[in-house]
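Remarks on the structure that follows.
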Amino acid sequence: MAKGLKTGGRQKGTPNKLTKELRSLLKDILYDELVNIEDRLNDLETKERIELVIKLMPFVFPKVVSVSSTENEPFDWSEV
């Protein structure tokens, strides 16, 4: 990688035009698919439908993180 002054290209902070257009296109495609998702799910076999729903769950529900008390601190049962 060359070291020194930047002499060409985009200015710092300028968005990439291709990336912006691609994201917009993908957003439109995804929106169209979400409108039809119920019909598409009904067309699947039961096993395939369940597998797909399981794969989509992390995008809807937050991940659960286990929390443990530290040593030498009493456990507060009122918070449970």
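So the number in the working numbering is just where the residue sits in the sequence shown, counting from 1, plus 132. Don't be surprised by glycine CBs; every beta carbon is placed ideally from N, CA and C. In this text the structure is predicted, and so the values were computed from the model without any measurement.
Is it the case that the Cβ atoms of R181 and L188 are separated by a distance below 7 Å?
no
Through-space distance from K195 to L166, alpha-carbon basis:
22 Å
Tell me the rounded alpha-carbon separation between W209 and V185.
35 Å
Helix, strand or coil: which one does DSSP assign to K135?
In the structure shown, K135 falls within a coil segment according to DSSP collapsed to helix, strand and coil.
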